[in-house]
Amino acid sequence: MTQIGSAYIERYPEWQNGLPGRNLAWLSELRADAFARFAERGFPTRKTEAWKYTNLAPLAKDVFAPQTAASGKMPATVPAHIPDLGTAHRIVFVNGRAESDGSTHNALPKGVRLMTLGEALKEAPDLIADHLATDNKPEEPAFLDMNTALMTEGAVLTIEPGVELEAPVHLFFLTTDAAARSAMHLRNLIMAGKGSAATVFESYLGTGKAEYWTNVVTEIRVEEKARLHHHKLQSEGEAAYHIAMTLTKIEDHATYDSFAMSLGGSLARNEIRALLDGSGIDCRLNGINLARQRPHLDTTTTIDHAKPGSTCNETYKSVVGDHAETVFQGKIIVRPDAQKTAAHQLNRNLLLSDEAQANTKPELRIHADDVQCSHGATVSELDEQALFYLRSRGLSENAARSLLTEAFVTEMLDDIENISIREALRHAMADWLAGLSGTGGQA
631 MTQIGSAYIE
641 RYPEWQNGLP
651 GRNLAWLSEL
661 RADAFARFAE
671 RGFPTRKTEA
681 WKYTNLAPLA
691 KDVFAPQTAA
701 SGKMPATVPA
711 HIPDLGTAHR
721 IVFVNGRAES
731 DGSTHNALPK
741 GVRLMTLGEA
751 LKEAPDLIAD
761 HLATDNKPEE
771 PAFLDMNTAL
781 MTEGAVLTIE
791 PGVELEAPVH
801 LFFLTTDAAA
811 RSAMHLRNLI
821 MAGKGSAATV
831 FESYLGTGKA
841 EYWTNVVTEI
851 RVEEKARLHH
861 HKLQSEGEAA
871 YHIAMTLTKI
881 EDHATYDSFA
891 MSLGGSLARN
901 EIRALLDGSG
911 IDCRLNGINL
921 ARQRPHLDTT
931 TTIDHAKPGS
941 TCNETYKSVV
951 GDHAETVFQG
961 KIIVRPDAQK
971 TAAHQLNRNL
981 LLSDEAQANT
991 KPELRIHADD
1001 VQCSHGATVS
1011 ELDEQALFYL
1021 RSRGLSENAA
1031 RSLLTEAFVT
1041 EMLDDIENIS
1051 IREALRHAMA
1061 DWLAGLSGTG
1071 GQA
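If you use the working numbering, the sequence shown closes out at 1073, no skipped numbers anywhere.
Dropping the structure here:
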């Protein structure tokens, strides 16, 4: 155990006093067990296979105390930062705490509940007990265990069987400089009942230059014949750490469609584990990393086919400029009983400078013989002939580079069905592209 890990152990009893649900014996036991596991192992290092490309030393160098106190009212400038999603049902968190200003989730249709984790632990503790910390866990659960031990807030969305929610649900998390040196341990739960349908948009925004840590776990259950579109935008502050884990369990003939865009933070990891625990499932995982200056953006996915006859298609792209670094680790597992599986994975990376780095590790673990599986990865630079052609047509070098970079990633947004979410992501991408220069991406 490192000195920093020991410091977390020493301060854990102090932090417990500010955690929600202290009156629930099962939750106290769950927290204690999770923290004991974290205390035994500590932060993963690059010797851990799942973390070989991501150095956590900058995050582990100091202690980030959980944000357990109210953070005050939403700053007056915040509404301008909230993406316009039209009639979306929105729940807002500022510096890790629920904030009524800006939230618009009071007019939900019958059969849909959207509440904070704190509210759910008071009003529906049995619901939380049934769905929290399920057996769909990653190979290296250190941050899951820390989140379980220290979770203070988050969103809980339940959709009853057969309910089709037309407007999207927006989970909006804002962090300002008031949260400097703090950790936001957020836990989101999304339960889509049998035959239901919904679209959920998670967005994380940092408005300042403070160093803080967002440690978020989102647990999702997509029941039989349900359809869930799940999109995420990570745009944390330039000095922030963002460690996210999405654990999704999908049942028979259900559809899970995921898209994640990551373009903020100093060090960010978006880990997705999808357990296809049924037949006839349609699973789609797609995303974009946009990295310039000096950030480290890591996408790690595991798609676990446990039953026969399901399909999963996965495509991730990265644009890397300046001294930035990206990681893609994609693992597809096909268990012995998962015959008739179709699984396809593609990772493409575009380097904008000689110092930029893209690490890619596609992986197939196939234990069945009647399957259709493929994977591929590329790392390339901008096409010099295409640049020359655009320059000959009168474009400046900066404009030509930006146009080709945009063409590389923009098609990824075309399959997002919800127009307002698609445009919010397109706007975030356009802002990032506008910061590119012709010398490698530095704004």
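Each residue gets a CB set at the ideal place from its N, CA and C atoms; glycine is no exception.
Neighbourhood of residue i by C-beta, 6 Å cutoff - its chain only, sequence neighbours within 5 removed
i     : result
G741  : E790 and V793
G702  : Legend: pLDDT at G702 = 48, less than 50; position of this residue unreliable, no value from coordinates given.
P674  : W681, E770 and A772
R914  : D887 and N943
A904  : T878, C913 and I933
T678  : E770
A669  : I639
G939  : S909, G910 and K970
G1070 : Residue placement at G1070 is poorly supported in this model, since its pLDDT is 47, which falls under 50; the coordinates are not used for a value here.
D928  : T684, R899 and V957
A1073 : Model confidence at A1073 stands at a pLDDT of 38, short of 50, so the residue's coordinates are unreliable and nothing is read from them.
Residue i vs residue j beta-carbon contact at 8 Å
i     : j     : result
E881  : E854  : yes
L835  : M1059 : no
T885  : R857  : yes
G895  : E866  : yes
L751  : G784  : no
I918  : K947  : yes
L1055 : R1031 : no
D912  : T945  : no
L654  : P755  : yes
S734  : H719  : Correcting the residue type first, residue 734 is Thr in the shown sequence and not Ser. Yes.
V950  : A988  : yes
M891  : N845  : no
D952  : R995  : no
A840  : A874  : no
Y871  : L738  : no
M814  : G726  : yes
R667  : S658  : no
P966  : A986  : no
DSSP bridge partner residues for residue i (one or two, in chain order)
i    : result
R857 : A827 and T885
R978 : K947 and T1008
A779 : In the DSSP output, where bridge partners are listed per residue, A779 has none listed.
V964 : H935 and I996
T941 : D912 and A972
Q987 : E955
K862 : E832 and A890
V799 : H719 and V830
W843 : A813 and Y871
T684 : None; T684 has no bridge partner.
D928 : R899 and V957
E794 : A827
Same chain, Cβ closer than 8 Å to residue i, five either side skipped, listed in chain order
i     : result
G1006 : Q975, L976, N977 and P992
L1034 : L1012, D1013, A1016, L1017 and L1020
E753  : M745
Beta-carbon separation (whole angstroms), residue i vs residue j, contact threshold 8 Å
i     : j     : result
H926  : V964  : Going by Cβ atoms, the distance from H926 to V964 rounds to 31 Å, so no, they are not a contact pair.
V830  : V799  : 5 Å
Q646  : S812  : About 17 Å separates the two Cβ atoms, so there is no contact after all.
L787  : I820  : 5 Å
L795  : N818  : Not quite, the Cβ-Cβ distance comes to about 16 Å (not below 8 Å), so this is no contact.
E1041 : L1063 : Not quite, the Cβ-Cβ distance comes to about 14 Å (not below 8 Å), so this is no contact.
Same chain only: Cβ atoms within 7 Å of residue i, ignoring 5 sequence neighbours per side
i     : result
W656  : A759
E1047 : H859
L778  : The sequence shown places Thr at residue 778, not Leu. Same-chain partners within the cutoff: L660, R661, A664 and A763.
H761  : L819, M821, E849 and R851
L715  : P798, H800, F831, S1050, I1051 and A1054
Y638  : V693
V1000 : Looking at the sequence provided, one finds Asp at residue 1000 rather than Val. Contacts found: Q969 and K970.
D907  : K879, I880, E881, A936 and K937
H1057 : none
R671  : A772
Any chain B beta carbon closer than 8 Å to residue i
i     : result
E1027 : Of the chains in the structure shown, none is chain B; there is only one protein chain.
query = How do the stretch 978-988 and the stretch 954-962 stand: do at least 3 beta-carbon pairs fall below 8 Å, yes or no?
reply = Counting Cβ pairs under 8 Å, three or more are found: they touch.
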